[in-house]
Amino acid sequence: MYLKHVLPLAGAATLASFAAHAETITVATVNNNDMIIMQGLTDEFEKAHPDIDLEWVVLEENVLRQRLTTDIATDGGQFDVMTVGTYEVPIWAKQDWLVELDDLPESYNEDDLIKPIRDGLSQDGSLYALPFYGESSMMYYRTDLFEKAGIEMSDQPTWDQVQDWASQINDPDNDVYGICLRGKPGWGENMAFVSTLVNTFGGRWFDEDWHPEINSPEWKEAVSFYVDLMNKYGPPGATSNGFNENQALFSSGKCGMWVDATSAAGKFYDADESQVADKLGFAPAPIAKTPKGSNWLWSWTLAIPTSSDSKDAAKTFITWATSQEYIELVGEKEGWTSVPPGTRESTYENPKYQEAAPFADFVLNAIQTADPTDSTLKPSPYIGVQTVNIPEFQSVGTQVGQMIGAALSGEQSVDAALDQAQRSVERTMRQAGYYD
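Okay, so the sequence shown: first residue is 0 according to numbering that gives the first Met the number 0, each after it adds one.
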C-alpha cells in the first residue's frame, strides 16, 4: 500500500518555506511491526529534518522482495531507501547496485553495531546497508500449557521432544494448536524455517561441487517430519501462514509452541499487544542430529540503491532510523520491549532494556553464536544458515518453497515434491553455469 505522509495543518505557515523546497524520498519497507513503528515516527524525523519529506511504500514480505529485486535489477529508480535483508546486501553490493556507506558521521558509532550483523552487511570492509533490526531464531512456548501437561522445558530441546510436547498440548476443539510453523511458500518465508530444519537433520542445499541435494535422505527425513508434525498438531490452512500470521496466532494464545524469529519476543512480552505476555517461555531453537545451522541469522536493513536521485537525503534518513538515538526514541514513546532488537551492543547494555526484556541476553547470545560460515554437518561451498549466498538462491528457494508448500497441503507426497524440486534446482544451476 502507498502511504503519503501529509504535514498537519497546525504550523503549516511556519513550515511553508521548508515545504516548498522539501526533498521527497520514497521508502520501501515490509509490513512488520518494527517497520510500522518506524513509519509512525515520520513526524519526529521530519521535525528534525524539515527539508526532507518521507513517502512510504509498505508491502507484504514476498511482494516487497519481488518489487525491489525487479526495480534494482532494471535500474528503475522508484525507491530511495530499500528494506532488504542479509542475503541481498552482499550480492547487490557486488553488482554495484547499492551505495557504499563509508562516510558515516562519527556520532553514528559504527563500532557499536553487533559484529555478526555488521559483517553480514559488509563487502570488502565497507558497509552497504545499515541494520534496522537483527534476529536469530528460537522457540516460544506457553508456560501454562506446559505446566498443565506436566512438561518441563529442557535446556536444549530436540525436535523429537517438540513432537511429543505438541501431541500433549494440542487442543483444536478449543482453538489451541500444539505448534505453529511457517508454511507460506517463499525463500524468506517457509524456507527460512525449513532450511534450518534440514541443517539440523544433517542436510545441506548443495554438495561441494554445487550439485543440489534436495531429494537426499536428510531432506526427506526433515521435510517428512515437518509435514507430519504440522498436519497432526498445526493450525488449519498452514500454507497461508508466514511470520506475521503465526505471530498473530501465537500472541492470541492459539499456539502452544512457535519456532521463529527472536525479534518477535518484544511484542509477546507487551501486555497491550499480546494475550500471552504473562505465560510466555522461551528456549533455544530445537535440534535433531546436529546443532549446526539450527538457528538462523538475519537482519532487515535499510539500503540506498545507486539509482536514487536523492542519495544524501536517503543517507540522512537511514542513519537516523538505525541510530542509538532512534532506539532511545522508540523506547520512550513505544516502550522498551518495542525497540528494534539485535543491532547494537548498547541496546543490550541499557538497564531500561534489560529490565523490560528478560529475553535480552538470550537473544544476543543466539545472534552471536549463529555461524553462516559453518552451518551444515557435511562441508558445503556456500555461506549462509537459512540462505545460500548466490544470486540464484532467490529463485531456487522460491521454487523449492512452493513444492514443499504443495507437500504440506497434501497436493503432492513429500518424495514427489522433493524429486520435482531437485530437477528444478538442477536445471537452474546448470543454466547458471555451475556445471555442465
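All C-beta atoms in this analysis are idealised placements derived from N, C-alpha and C, irrespective of residue type, glycine included.
Own chain, CB closer than 7 angstroms to Glu344, minus 5 neighbours either side, in chain order: Working through the sequence shown from its first residue, we reach residue 344 at position 345. Cβ within range, chain order: Asp111, Ile113.
Under 8 angstroms between C-beta atoms of Leu63 and Ala27: By one-based count along the sequence shown, residue 63 stands at place 64. By one-based count along the sequence shown, residue 27 stands at place 28. Yes, they are a contact pair.
Buried versus exposed call for Glu134 [16 or more other C-beta atoms within 10 Å across all chains shown]: Taking the first residue of the sequence shown as position 1, residue 134 is located at position 135. Glu134 counts as buried, since no fewer than 16 other beta carbons sit within 10 angstroms of its beta carbon.
According to DSSP, residues forming a beta bridge with Leu129: Position 130 of the sequence shown holds residue 129. Note: Leu129 sits in a beta bridge opposite Leu301.
Of the residues Gln122, Thr25, Val395, the one placed nearest Gly185, counting alpha carbons only: Counting from 1 along the sequence shown, the entry for residue 185 is found at position 186. Residue Val395 is the option with its Cα nearest to Gly185.
Cα-Cα separation, Gly292 to His20: Counting from 1 along the sequence shown, the entry for residue 292 is found at position 293. Counting from 1 along the sequence shown, the entry for residue 20 is found at position 21. Each residue's alpha carbon lies about 50 angstroms from the other.
Gln122, DSSP secondary structure in three states: Working through the sequence shown from its first residue, we reach residue 122 at position 123. Three-state result, Gln122: strand.
Any C-beta of chain C under 8 angstroms from that of Ala165: Protein chain content of the structure displayed is limited to a single chain, and chain C is not contained in it.
Span separating the alpha-carbon of Trp335 from that of Ala420: The residue given as residue 335 occupies position 336 in the sequence shown. The residue given as residue 420 occupies position 421 in the sequence shown. Answer to the nearest angstrom: the Cα atoms are 43 angstroms apart.
Proximity winner among Thr157, Phe224, Thr25, Tyr139, relative to Leu67 (alpha-carbon distances): In the sequence shown, the residue the question calls residue 67 occupies position 68. Minimum Cα distance to Leu67 is reached at Thr25.
Straight-line gap, Asp311 to Val98 (C-alpha atoms, nearest Å): Translated into the one-based positions of the sequence shown, residue 311 becomes position 312. Translated into the one-based positions of the sequence shown, residue 98 becomes position 99. Cα-Cα distance, rounded: 10 angstroms.
Simplified DSSP assignment, three categories, for Glu22: Indexing the sequence shown from 1 puts residue 22 at position 23. Looking at Glu22 - three-state DSSP - the assignment turns out to be strand.
6 angstroms CB neighbourhood of Gly241 in its chain, flanking five on each side removed: In the sequence shown, the residue the question calls residue 241 occupies position 242. Only Arg181, Lys183, Glu188 meet the Cβ criterion.
Spatial distance of Met0 from Val57 (CA atoms): In the sequence shown, counting from the first residue as 1, residue 0 sits at position 1. In the sequence shown, counting from the first residue as 1, residue 57 sits at position 58. Because Met0 sits at a pLDDT of 44, beneath the cut-off of 50, its placement in the model cannot be relied upon, and the following sentence gives the value as read from the coordinates. Answer to the nearest angstrom: the Cα atoms are 5 angstroms apart.
Cutoff 6 angstroms; reference Ala406; Cβ partners in own chain excluding five residues on either side: On the sequence shown, residue 406 is found 407 positions in, with the first residue counted as 1. Around Ala406: Val226, Val413, Ala416.
Beta strand (DSSP E) segment containing Leu58, residue limits: One-based indexing of the sequence shown puts residue 58 at position 59. From DSSP, the beta strand (DSSP E) with Leu58 extends over 51-58.
Val338, DSSP secondary structure in three states: Counting from 1 along the sequence shown, the entry for residue 338 is found at position 339. If DSSP states are grouped into helix, strand and coil, Val338 belongs with coil.
Endpoints, beta strand (DSSP E) assigned at Thr386: For the purposes of this step, residue 386 is taken as the residue at position 387 of the sequence shown. Element bounds for Thr386: n/a, residue is neither H nor E.
8 angstroms CB neighbourhood of Leu120 in its chain, flanking five on each side removed: In the sequence shown, the residue the question calls residue 120 occupies position 121. So the list reads Thr85, Val88, Pro89, Leu126, Tyr127, Ala128, Leu129, Pro130, Ser298, Thr300, once near-sequence residues are dropped.
The segment 162-170 in contact with the segment 252-260 per 3-pair CB rule at 8 angstroms: yes
Reduced DSSP secondary structure (H/G/I, E/B, other) of Leu103: To locate residue 103, count along the sequence shown from 1; it is residue 104. Of the three classes helix, strand and coil, the one that applies to Leu103 here is coil, per DSSP.
Supposed close pair Gly337, Ile116 - CB separation, criterion 8 angstroms: Counted from its first residue, the sequence shown places residue 337 at position 338. Counted from its first residue, the sequence shown places residue 116 at position 117. The sequence as given places Ser at residue 337; Gly does not occur at that position. Not confirmed; about 19 angstroms, so no contact.
Sheet register partners of Val175 (DSSP bridge): Here residue 175 is taken as the residue at index 176 of the sequence shown, counted from 1. Val175 is bridged to Asp170.
Test item: CB-CB of Gln246 and Ala264 under 8 angstroms: For the purposes of this step, residue 246 is taken as residue 247 along the sequence shown, with counting starting at 1. For the purposes of this step, residue 264 is taken as residue 265 along the sequence shown, with counting starting at 1. Against a cut-off of 8 angstroms, the Cβ pair of Ala264 and Gln246 comes out as no contact.
Segment contact flag, the segment 217-237 with the segment 193-207, C-beta cutoff 8 angstroms, min 3 pairs: yes
Spatial distance of Val161 from Pro285 (CA atoms): Taking the first residue of the sequence shown as 1, we reach residue 161 at position 162. Taking the first residue of the sequence shown as 1, we reach residue 285 at position 286. Roughly 8 angstroms between the two C-alpha positions.
8 angstroms contact criterion, which Cys179 and Phe249 should meet: CB distance rounded: On the sequence shown, position 180 is the one that residue 179 refers to. On the sequence shown, position 250 is the one that residue 249 refers to. About 6 angstroms; that satisfies the 8 angstroms criterion.
Beta bridge counterpart(s) of Phe281 as assigned by DSSP: Within the sequence shown, numbered from 1, the residue matching residue 281 stands at position 282. According to DSSP, Phe281 bridges with Tyr139.
Same chain, Cβ closer than 8 angstroms to Ala494, neighbours up to 5 away in sequence not counted: The requested residue 494 is not part of the displayed model; the chain covers only 0 to 435.
Pairwise C-alpha distance: Gly400 and Ser379: On the sequence shown, position 380 is the one that residue 379 refers to. On the sequence shown, position 401 is the one that residue 400 refers to. Their Cα atoms are separated by approximately 21 angstroms.
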